[in-house]
Amino acid sequence: MNYLNIKDEKILPTVVELNTLLADYHIYYQNLRNFHWNILGENFFELHDKFEELYTDARVKIDEIAERILTLRYHPMSKLKDYLKSASIEEATSKLTDKEMVTTILDNHATLLSQMSKVIDKAENAKDEGTIDLIGAYIRELEKSSWMLDAFTKETASQLNESVLEA
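Structure below.
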């Protein structure tokens, strides 16, 4: 038992999933830097700024995730080779079109959201409200960013689901 009043055996699965999320965020961050540096084409100005906004946000989240692991009294993963080994997100190539870059980021978001769900599941089992609160806010923010990026990939004539309006 520790100052969090959570037994180590209960919190360890949460820490394992948080470290995986930390690894995923590092690769995601680097993908964003890669795209920020290598974007070309008519959407350069818009996406160059958007990728910077996203990697700045990811950098903050990387630090917060590591600090949460420390708060839980464990060491966060901190070696690049460990991130590459543990992450579900893969490094992206620089030679993508603007829409392929956005699609890759959306795929990264799907992986991050899936991993965040695993963290929440383990944190709920441990009654770890601090982690649940932190990751819940991340989910909300990432879903909103994903919606906006997904809208960028659509044709102007695309429509949203109207089935609820037709009832």
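Numbering-wise (the UniProt record's numbering), the sequence shown opens with residue 1 and increments by one.
The beta-carbon is built from N, C-alpha and C at its ideal position, and this holds for glycine as well.
These numbers were taken from a predicted model, which means no experiment stands behind them.
Please tell me whether residue i and residue j are closer than 8 angstroms, where the distance is taken between their beta carbons.
i      : j      : result
Gln115 : Ser78  : no
Ile27  : Met101 : no
Ala123 : Thr14  : yes
Leu149 : Leu106 : yes
Lys61  : Tyr3   : no
Asn34  : Ala110 : no
Leu32  : Ile65  : no
Leu134 : Arg68  : yes
Lys7   : Asn125 : no
How far does the alpha helix (DSSP H) with residue i in it reach, from first residue to last?
i      : result
Asn5   : Neither: Asn5 is in no alpha helix (DSSP H) and is coded neither H nor E.
Val119 : 98-126
Thr131 : 129-153
How would you call residue i, buried or exposed, if buried means at least 16 neighbouring beta carbons within 10 angstroms?
i      : result
His75  : exposed
Leu165 : exposed
Phe45  : exposed
Leu160 : exposed
Lys85  : exposed
Asn19  : buried
Leu80  : exposed
Glu155 : exposed
Thr97  : exposed
Using beta carbons (cut-off 8 angstroms, strictly below), is residue i in contact with chain B?
i     : result
Arg68 : Absence of chain B from the displayed structure is noted, only one protein chain being present.
| task | List in chain order: all unbroken beta strand (DSSP E) runs of 3+ residues lying wholly within the region 15-81. | result | none
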